[in-house]
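Heads up, the thing below is written out as structure tokens.
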Amino acid sequence: RLTNVGFELRRPVGVGVDVTAGLQAQVIAGGTERASQDYQRYFVQVDLEDLPWKGAFVTPIVEHWVTSDDSTTQAGLRWTQTLTPRLEAWLGSEYAHFLYDYLRRRERDDVRLYYAGALWRPGKGVEIGLDFEAEQNDAPSGEDPFLTVMLWVTHALP
9 RLTNVGFELR RPVGVGVDVT AGLQAQVIAG GTERASQDYQ RYFVQVDLED
59 LPWKGAFVTP IVEHWVTSDD STTQAGLRWT QTLTPRLEAW LGSEYAHFLY
109 DYLRRRERDD VRLYYAGALW RPGKGVEIGL DFEAEQNDAP SGEDPFLTVM
159 LWVTHALP
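Counting with the numbering used here, you get residues 9 to 166 for the letters of the sequence shown.
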């Protein structure tokens, strides 16, 4: 049985600076692997608007994960550019001490994640996003890199 709850709070703290902080907690009955343990995730990100030029956002991100027998901190940096009022794109990179590979059902250590994506707003309340991630880690040579492509569509209810 899985229970996952969380919240986040986003506040402007100055002209062109927004801070988002939050907590996510997961409780799983009967899990034994690190990825299926109870955990708490604390995170903070700072959006620096119009840096280095108008329409750009630079976002440092820090996450701290805690389980009953371990903890780890992840850090990253994302650059987002508003291309038009309806289109934005981003590039980013993060480092994690470990991540869990759900497809291969094992942990991956010393992970560097690189990603790029875009979000298009074709109409009121509709968003279409595409994200590409490439993961590099300290796995034995010859192992393929882990690649992910995500496509999503959201529609706000009236």
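Cβ atoms here follow ideal geometry from the backbone N, Cα and C, with glycine treated the same way. In this text, all values refer to a predicted model and were calculated from it rather than measured experimentally.
Between Tyr47 and Arg129, what straight-line distance do the alpha-carbon atoms span, to the nearest angstrom? 34 Å
With the cut-off set at 8 Å, would you say Gly63 and Arg86 are in Cβ contact? no
What is the residue span of the beta strand (DSSP E) that Ser79 lies within? 79-92
Candidates Val134, Ala33, Pro60, Val66: which alpha carbon is nearest Val74's? Ala33
Nearest neighbour of Leu59, chosen from Val23, Asp78, His72 [CA to CA]: Val23
Suppose the cutoff is 7 Å on Cβ atoms and the five residues either side in sequence are ignored; what does the same chain contact list for Pro153 look like? Ala142, Glu143, Gln144
Flag this pair as yes or no: are the beta carbons of Glu102 and Gln82 separated by less than 8 Å? yes
Three-state secondary structure assigned by DSSP to Val23: coil
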